[in-house]
Amino acid sequence: MDDMPKSTTRPRHGGRRTASAVGAGVAALALLAGCGSGGADRSAADEPRRAASAHPSPSPTEFRRIPGIGERLHDEIPSATRQVVAVYGEDEDSAEATVVLYTRHGDTWSRERRWPAHNGKRGWTADHHENDKRSPIGVFTLSDAGGVLPDPGAKLPYTRSDAFAAPRHWPRTHWHDFDHVIAIDYNRVKGTPPNDPTRPLGREKGGSIWLHMDHGSGTSGCVSVSKAAMEHLLRTLDPAKHPVVVMGDKASLAS
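Residues in the sequence shown are numbered consecutively from 5, following this note's numbering.
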């Protein structure tokens, strides 16, 4: 989303942030709108086959490169990164997407989990602006988390605050969007709560682009997944593994 509840100053405790409920005056939000063949003959003709079996190809869930991500964006993934959340948008103008979690082991990427998702209701853009209802394309770090609900065991620093709550004039289906969120580091200051309003690139470039809980349709620019997916990501994404999100429509990701 481009507009969100404003942050209050919170101390960190053991890598977590805590906050009490905020009172009246929290600014209203703008609507938010992944066999070999056998045989007994051991002839010389079988030597190439036996040599290949000594160095098997990656299994169907293991890859030398993340599938669907072209060289340009692949090269933007930091060398220290061991976790990637890939968001595959169906089309440039579609709000339908799939989120896939990959983990790097040596030179191999393993596909861990995948979930259906939504992105901006108008699709994707390489030049995001506030309220354009499109999600930004690119590679972004994942540094901070939070939400209305208590920390479910997140490894990322987590801020619990009622300031994340969606306004009650929103449709009831949207009320739980921000029960858990993970900040996507687009036009924000890393190391602050996800709802910190600072916009280093200026307000016109939008901000508050999050991974958050899904309400069944497109967002104002965020990426949304199920509660189970959010909880899994929060418990899995590890700052020590330098997680990033690679996001965009499929054609843009592959270019």
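All residues carry an ideal CB built from backbone N, CA and C; glycine is no exception.
Next item on the list: Measure the C-alpha to C-alpha separation of Ala187 and Val89 and round it to an integer number of angstroms.
Entry: Along the sequence shown, read from residue 1 onward, the residue named residue 187 stands at position 183. Along the sequence shown, read from residue 1 onward, the residue named residue 89 stands at position 85. Whole-angstrom Cα-Cα distance: 13 Å.
Note to self: For Ala99, report the span of its alpha helix (DSSP H) as first-last.
What the structure shows: The residue you call residue 99 lines up with position 95 of the sequence shown. No alpha helix (DSSP H) contains Ala99, which DSSP labels as neither H nor E.
Checklist line | Enclosing alpha helix (DSSP H) for Thr223 [first to last residue] | finding: On the sequence shown, position 219 is the one that residue 223 refers to. Element bounds for Thr223: n/a, residue is neither H nor E.
Next item on the list: Kindly indicate which residue of Leu160, Ser98, Val227, Glu116 has the alpha-carbon position closest to the one of Pro247.
Entry: Taking the sequence shown and counting its residues from 1, the one referred to as residue 247 is at position 243. The option with the nearest alpha carbon to Pro247 is Leu160.
Next item on the list: Between the Cα of Ser165 and those of Glu66, Pro197, Glu100, spot the shortest distance and give me the residue it belongs to.
Entry: As a first step, residue 165 must be located in the sequence shown, where it is residue number 161. When each option's Cα is compared against that of Ser165, the closest is Pro197.
Next item on the list: Write down the C-beta distance between Gln87 and Leu241 rounded to the nearest angstrom, noting that I regard them as a contact closer than 8 Å.
Entry: Position 83 of the sequence shown, counted from the first residue, corresponds to residue 87. Position 237 of the sequence shown, counted from the first residue, corresponds to residue 241. Confirmed, Cβ separation roughly 6 Å.
Notebook entry, point to check: So what does DSSP say about Phe67, is it helix, strand or coil?
Noted result: On the sequence shown, residue 67 is found 63 positions in, with the first residue counted as 1. The answer is strand: DSSP assigns Phe67 an E or B state.
Next item on the list: Look at the alpha carbon of Ile141 and the alpha carbon of Gly210, and state the distance between them as a whole number of angstroms.
Entry: For the purposes of this step, residue 141 is identified with residue 137 of the sequence shown, where counting begins at 1. For the purposes of this step, residue 210 is identified with residue 206 of the sequence shown, where counting begins at 1. Going by the C-alpha atoms only, they are around 13 Å apart.
Next item on the list: Please state whether DSSP places Thr163 in a helix, a strand or coil.
Entry: Mapped onto the sequence shown, residue 163 falls at position 159. Strand at Thr163.
Item checked: Whole-number beta carbon distance between Asp183 and Met217, since they are thought to touch under 8 Å -> By one-based count along the sequence shown, residue 217 stands at place 213. By one-based count along the sequence shown, residue 183 stands at place 179. Indeed they touch by this definition, with Cβ atoms about 6 Å apart.
Next item on the list: Find the nearest neighbour of Glu134 within the set Gly220, Val249, Asn191, judged by alpha-carbon distance.
Entry: Position 130 of the sequence shown holds residue 134. Ranking Gly220, Val249, Asn191 by Cα distance to Glu134 puts Asn191 first.
Check: If you count every other CB in all the chains shown that lies within 10 Å of the CB of Asp79, and 16 or more means buried, which is it?
Finding: Start at 1 with the first residue of the sequence shown, and residue 79 comes out as number 75. Label assigned to Asp79: exposed.
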